[in-house]
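Colleague: So that you can map any letter, position 80 of the sequence shown is 129 in my numbering, and since no number is skipped, the others follow by simple counting. Even glycine gets a Cβ: it sits at the ideal position worked out from N, Cα and C.
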Amino acid sequence: MYRFLLSRQWVIVTLVAVLLIPVMIRLGFWQFHRHEDRVARNDLVARNLKAEPVPVDRLTREGRTVPREDTWRTVTATGAYEPEREVVVRQRLGADDKQGYFVVTPLRLTDGSAVLVNRGWVPAGADLTTFPKVPPPPTGEVTVTGRLRPDETTGSGIRDKAGLPDRQVMLINSADEAADGLPGPVLGGFVELVGTSPKATGRQPEPVTEPDHSSIGVHIAYAIQWWIFAAAVPFGWWVLVRRERRDREAAAAKAAGAGAAEAGTAEAGRAPGGIAADAAGKTANGPARRPADDDPAPSLAPAEQMAAD
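1. Ala-100 by DSSP, collapsed to three states: which one?
2. Do you know offhand how far Ala-300's Cα is from Arg-87's?
3. Excluding the 5 residues preceding and the 5 following Thr-109 in the sequence, name in chain order all residues of the same chain whose CB lies nearer than 6 angstroms to its CB.
4. For the beta strand (DSSP E) containing Ala-126, list its first residue and its last residue.
5. Give me the Cα-Cα distance between Arg-139 and Val-290, rounded to the nearest whole angstrom.
6. Which of the three DSSP states, helix, strand or coil, is assigned to Thr-314?
7. Where Val-233 and Pro-155 are concerned, what is the direct C-alpha to C-alpha distance, given to the nearest angstrom?
8. Under a three-way DSSP split, which group does Glu-111 fall into?
9. Applying the 10 Å Cβ sphere with the 16-neighbour rule, what's the burial state of Val-193?
10. Ile-221: buried (16+ other C-beta within 10 angstroms of its C-beta) or exposed?
11. Going by DSSP, what residue range makes up the alpha helix (DSSP H) through Ala-227?
12. Give the secondary structure of Tyr-51 by DSSP, where H, G and I count as helix, E and B as strand, and everything else as coil.
13. Could you pull the start and end residues of the beta strand (DSSP E) that Pro-234 belongs to?
14. Would a C-beta distance cut-off of 8 angstroms place Ala-281 and Ile-74 closer than the cut-off?
15. Among the residues of its own chain, which have a CB less than 8 angstroms from the CB of Gly-169, if the five just before and after it don't count?
16. Roughly how many whole angstroms lie between the Cα atoms of Thr-159 and Gly-251?
17. So, Ala-175 versus Pro-181, is the Cβ gap smaller than 8 angstroms?
18. Please report the distance separating the alpha-carbon of Phe-284 from that of Ala-66.
19. Between which residues of its own chain and Asp-209 is the CB-CB distance below 8 angstroms, once the five residues before and five after are set aside?
20. So, using beta-carbon positions, are Val-137 and Gln-217 closer together than 8 angstroms?
21. Grab the span of the beta strand (DSSP E) containing Gln-140 for me, first residue to last.
22. Roughly how many angstroms separate the alpha carbons of Arg-117 and Val-191, rounded to a whole number?
23. Three-state secondary structure (DSSP) at Val-193?
24. Of all the options Pro-247, Val-171, Arg-196 and Gly-313, which has the alpha carbon lying nearest to the alpha carbon of Asp-146?
25. For Val-164, tell me which candidate among Glu-131, Ala-144 and Gly-149 has the shortest Cα-Cα distance.
26. From the DSSP output, which residues share a beta bridge with Ser-246?
27. DSSP has Ala-270 in a bridge; who is on the other side?
28. Can you check which of these residues, His-84, Thr-120, Pro-187 and Ala-144, is closest to Ala-272 by C-alpha distance?
29. In angstroms, rounded to a whole number, what distance separates the CA positions of Pro-184 and Gly-195?
30. Flag this pair as yes or no: are the beta carbons of Leu-93 and Thr-123 separated by less than 8 angstroms?
31. Should Arg-110 be listed as close to the ligand SAH, given that the test is whether its C-beta is under 7 angstroms from any heavy atom?
32. Counting only the same chain and skipping the five closest in sequence on each side, list residues whose C-beta sits under 8 angstroms from that of Gly-143.
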């Protein structure tokens, strides 16, 4: 009944189905773990944004990588900007998704160390090879408040490029700025500016928007989809098997019906031929036909006629 399952074609189909099930289950758990990571990240961001500000040198120091649990933590720093060492970061989007630059200005702290401050976004000009027009930072001593961020690296998905115009970079990286000649210790990571005291006057770069920590994405929906696909594989395999069995039974019944019809036609063809042959044989070899009553009498021979006369 199901011997066709041992055919080469059905063995391959079955093996593929068996392999697809664990793969789809694993993909579902991968998406589920991504959902969990997103939820944990949202909780971390929300918690750190609501935390009381702390001095930046309490969470980072020279050459230190900002740990994940301190990312987005609100920090403060007091010092003076050094606009002559300011750089712009290429290919960054503003609030309206337009291409432009982030403006990164070192802030020299009272202890002589420096921290990079992302002051915000400015639009790109017509000529990308020249330094854009950037509003100057406040002069004198200021206290900045911002979100602590780790150094950007190529591992974060941003491609670094060589041969860029002067004072233009692709990544915000404290080690790179220190290597480019920024004097004194440079604290690891950077500060994403939120506010300045005293408040800056005049036009300033557009502030970087607060990170999204409410949406959870579509990972849980993808996980459910993969698990539904995994459950549908054996059901689909069984449907195909039943359909194959019905098709084979229908084909066998059709073939049997066609054979019976051919046999009946052959038998019917032989019967008329035999009857005709028998009739012909009896006509040729059977007794002479009896004369009918209205047949004319046979003529007498001449001798018999004379005797009769």
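Modeller: The structure says:
1. Reduced to three states, the DSSP call for Ala-100 is coil.
2. Cα to Cα, the separation comes out at about 55 angstroms.
3. Closer than 6 angstroms at Cβ, skipping near neighbours: Val-115, Leu-236, Gly-237 and Gly-238.
4. 123 to 130 is the span of the beta strand (DSSP E), which, as asked, contains Ala-126.
5. Roughly 59 angstroms between the two C-alpha positions.
6. Secondary structure at Thr-314: helix, using DSSP grouped into helix, strand and coil.
7. The residue asked about is misnamed: residue 233 is Gly in this sequence, not Val. Taking the straight line from one Cα to the other gives about 11 angstroms.
8. In the three-state DSSP reduction, Glu-111 falls in the strand class (E or B).
9. Flag for Val-193 reads buried.
10. So Ile-221 ends up on the buried side.
11. 223 to 228 is the extent of the alpha helix (DSSP H) around Ala-227.
12. Here Tyr-51 sits in coil by DSSP.
13. Annotation for Pro-234: no beta strand (DSSP E) segment contains it, and DSSP assigns it neither H nor E.
14. At least 8 angstroms separates the beta-carbon of Ala-281 from that of Ile-74.
15. By the criterion of a C-beta distance shorter than 8 angstroms, Gly-169 is surrounded in its chain by Phe-151, Val-152, Leu-242, Gln-253, Pro-254, Glu-255, Pro-256 and Val-257, once the five residues flanking it on both sides are discounted.
16. Within the model, the alpha-carbon separation for Thr-159 versus Gly-251 is close to 25 angstroms.
17. Not in contact: Ala-175 and Pro-181 (Cβ atoms no closer than 8 angstroms).
18. The alpha-carbon of Phe-284 is positioned some 10 angstroms away from that of Ala-66.
19. Answer for Asp-209: Thr-203, Met-219 and Leu-220, listed in chain order.
20. Yes. Within cutoff.
21. According to the DSSP assignment, Gln-140 belongs to the beta strand (DSSP E) that extends over 136 to 142.
22. Between the C-alpha atoms of Arg-117 and Val-191 there is a straight-line separation of about 28 angstroms.
23. Val-193 falls in the strand class under three-state DSSP.
24. Nearest of Pro-247, Val-171, Arg-196 and Gly-313 to Asp-146, Cα basis: Val-171.
25. Closest option to Val-164, Cα to Cα, is Glu-131.
26. Ser-246 pairs with Thr-192.
27. In the DSSP output, where bridge partners are listed per residue, Ala-270 has none listed.
28. Just measuring C-alpha positions, the residue of His-84, Thr-120, Pro-187 and Ala-144 sitting nearest Ala-272 is His-84.
29. Taking the straight line from one Cα to the other gives about 19 angstroms.
30. With contacts defined by Cβ atoms closer than 8 angstroms, Leu-93 and Thr-123 do not form a contacting pair.
31. As presented, the structure is devoid of all ligands, the ligand SAH included, so that no description of it is given.
32. Excluding residues within five positions, the ones whose Cβ falls inside 8 angstroms are Gly-149, Trp-170, Pro-172 and Glu-255.
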